[in-house]
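For reference, the structure discussed in these notes is given below.
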Amino acid sequence: MYLVNRSIKLKAPVIATTIEQVQSEVANWRRSENKIAFVPTMGNLHEGHLALVKAAFDVADRVVVSIFVNPTQFGENEDFSTYPRTFDEDMAKLAILGVDMIFSPEVEVLYPESTAAMSSVTVPALSDILEGQFRPGFFTGVATVVNKLFNIVNPDVAFFGEKDYQQLLVIKKMVSELLMPVEIRSVATIREDDGLAMSSRNGYLQKDERQCANNLYRVLQELVASVQEGAAYEVSEKIAVKQLQQAGFVVDYVNIRRQQDLMPATAEDNHLVVLAAVRLKETRLIDNILFQLSNDNMTAA
Ligand code: AMP
Numbered sequence: 270m271y272l273v274n275r276s277i278k279l280k281a282p283v284i285a286t287t288i289e290q291v292q293s294e295v296a297n298w299r300r301s302e303n304k305i306a307f308v309p310t311m312g313n314l315h316e317g318h319l320a321l322v323k324a325a326f327d328v329a330d331r332v333v334v335s336i337f338v339n340p341t342q343f344g345e346n347e348d349f350s351t352y353p354r355t356f357d358e359d360m361a362k363l364a365i366l367g368v369d370m371i372f373s374p375e376v377e378v379l380y381p382e383s384t385a386a387m388s389s390v391t392v393p394a395l396s397d398i399l400e401g402q403f404r405p406g407f408f409t410g411v412a413t414v415v416n417k418l419f420n421i422v423n424p425d426v427a428f429f430g431e432k433d434y435q436q437l438l439v440i441k442k443m444v445s446e447l448l449m450p451v452e453i454r455s456v457a458t459i460r461e462d463d464g465l466a467m468s469s470r471n472g473y474l475q476k477d478e479r480q481c482a483n484n485l486y487r488v489l490q491e492l493v494a495s496v497q498e499g500a501a502y503e504v505s506e507k508i509a510v511k512q513l514q515q516a517g518f519v520v521d522y523v524n525i526r527r528q529q530d531l532m533p534a535t536a537e538d539n540h541l542v543v544l545a546a547v548r549l550k551e552t553r554l555i556d557n558i559l560f561q562l563s564n565d566n567m568t569a570a
């Protein structure tokens, strides 16, 4: 019965590749007073992306998903050219969920001029720490493309994953400071059974690397437990780095920060996040855990 109903409701998503196509469809929906949700992605969709889409359907009448591998957020030595592009599979997954439109533009549509001297959006301070230190220009690339996509889709609400927690905060700050008329919502990280956060880049991992990769979440969980029991932040970070190195990772950073702005946590902060980036040969993985301290354990900093 469920299947019959679902298939009656199912309509293949509109596949838009131009700004005009998106805007004319969105204008129709607006005339019908539909609430529009937007989920930006780079494709190669997994259950993490699909969780955002499902959350979008909970609050909106129409859901637009963009699939665009954004060149301006990749560094020169990064994986822009090899990033997995799996449009047909992605489309099938989105069609099953009943997505209304997939926006999948060519690079020239979003960047009609050279990217060398173009206008861009930089969210200061937050963009320069943690991921920003290891990937200069990354968050300007992300903020700029998300701003362009918002200008095209004009959504009421947009969804981002906590998996990329710093990115989520960068987008929230951009929207708040530039008075963008869109609500930002977040969705918790979706993980594989062994705890590894789902990511398109997990597909790069060789078999032995994949076996090692689950140590990242395990070590972060242990760090959280020890901090919640009163261990000092810096000591806990150092222990985690050592454990990750012993497991075979090259560690870019493991840092405990406060959730609101990723500044170092003081004794007054009890909403914390541990963020980490590690490498296994060519593959770079990031993860984080949001956690709280009870009042008894707030002097650990
Ligand atoms: P990407 O395609 O990697 O740019 O990701 C598109 C969106 O999906 C971003 O908002 C990510 O934070 C989110 N996302 C990616 N992986 C996960 C995951 N494992 N759980 C939840 N959200 C995710």
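Mapping the sequence shown onto the numbering used here, position 263 (from 1) lands on 532, and the numbers just tick up by one. Virtual Cβ for every residue (Gly too), placed ideally from N, Cα, C.
Are there 16 or more other CB atoms within 10 angstroms of the CB of residue i, so buried, or fewer, so exposed?
{"i": "Gly410", "result": "buried"}
{"i": "Glu400", "result": "buried"}
{"i": "Val523", "result": "buried"}
{"i": "Val376", "result": "exposed"}
{"i": "Ala448", "result": "Contrary to the premise, residue 448 reads as Leu rather than Ala in this sequence. So Leu448 ends up on the exposed side."}
{"i": "Asp327", "result": "exposed"}
{"i": "Asn346", "result": "exposed"}
{"i": "Thr286", "result": "exposed"}
{"i": "Tyr342", "result": "The question names Tyr, but residue 342 in the sequence shown is Gln. Buried: at least 16 other Cβ atoms inside 10 Å."}
{"i": "Asp357", "result": "exposed"}
{"i": "Pro450", "result": "exposed"}
{"i": "Asp359", "result": "buried"}
{"i": "Ala482", "result": "buried"}
{"i": "Glu506", "result": "buried"}
{"i": "Met443", "result": "buried"}
{"i": "Arg300", "result": "exposed"}
{"i": "Asn564", "result": "exposed"}
{"i": "Met370", "result": "buried"}
DSSP beta-bridge partners for residue i?
{"i": "His540", "result": "Gln561"}
{"i": "Tyr217", "result": "Any property of residue 217 remains undetermined from this structure, which presents the chain solely from 270 to 570."}
{"i": "Ser335", "result": "Pro309 and Phe372"}
{"i": "Thr552", "result": "Leu549"}
{"i": "Glu452", "result": "Val426"}
{"i": "Val283", "result": "Met370"}
{"i": "Ala466", "result": "Arg460"}
{"i": "Arg527", "result": "Leu541"}
Do residue i and residue j have their C-beta atoms within less than 9 Å of each other?
{"i": "Ala534", "j": "Ala509", "result": "no"}
{"i": "Ala329", "j": "Ala364", "result": "no"}
{"i": "Gln512", "j": "Glu498", "result": "no"}
{"i": "Tyr352", "j": "Val334", "result": "no"}
{"i": "Arg404", "j": "Gly344", "result": "yes"}
{"i": "Glu452", "j": "Ala427", "result": "yes"}
{"i": "Val390", "j": "Ala412", "result": "yes"}
{"i": "Leu474", "j": "Thr552", "result": "yes"}
{"i": "Asp556", "j": "Leu438", "result": "no"}
{"i": "Leu418", "j": "Pro340", "result": "no"}
{"i": "Arg479", "j": "Leu465", "result": "yes"}
{"i": "Gln435", "j": "Ile398", "result": "yes"}
{"i": "Val392", "j": "Phe407", "result": "no"}
{"i": "Val332", "j": "Val295", "result": "no"}
{"i": "Leu554", "j": "Val547", "result": "yes"}
{"i": "Ala324", "j": "Arg527", "result": "no"}
{"i": "Ile440", "j": "Phe429", "result": "yes"}
In this structure, how does DSSP classify residue i when only helix, strand and coil are distinguished?
{"i": "Val368", "result": "coil"}
{"i": "Gly499", "result": "coil"}
{"i": "Phe429", "result": "strand"}
{"i": "Ile459", "result": "coil"}
{"i": "Glu345", "result": "coil"}
{"i": "Ala324", "result": "helix"}
{"i": "Pro533", "result": "strand"}
{"i": "Val390", "result": "coil"}
{"i": "Ala482", "result": "helix"}
{"i": "Ala385", "result": "coil"}
{"i": "Ser445", "result": "helix"}
{"i": "Ser301", "result": "coil"}
{"i": "Asp357", "result": "helix"}
{"i": "Arg487", "result": "helix"}
{"i": "Leu437", "result": "helix"}
{"i": "Leu492", "result": "helix"}
{"i": "Ala329", "result": "coil"}
{"i": "His318", "result": "helix"}
{"i": "Thr351", "result": "coil"}
{"i": "Gln475", "result": "coil"}
{"i": "Pro340", "result": "helix"}
{"i": "Gly406", "result": "coil"}
Closer than 9 Å, CB to CB, is residue i near chain C or not?
{"i": "Ile365", "result": "Reference to chain C is not applicable here, since this structure consists of a single protein chain."}
Beta carbon nearer than 6 Å to a non-hydrogen atom of ligand 1: Qualifying residues come out as Thr310, Met311, Gly317, His318, Ala320, Leu321, Phe429, Gly430, Lys432, Asp433, Val456, Thr458, Ile459, Ala466, Met467, Ser468 and Ser469.
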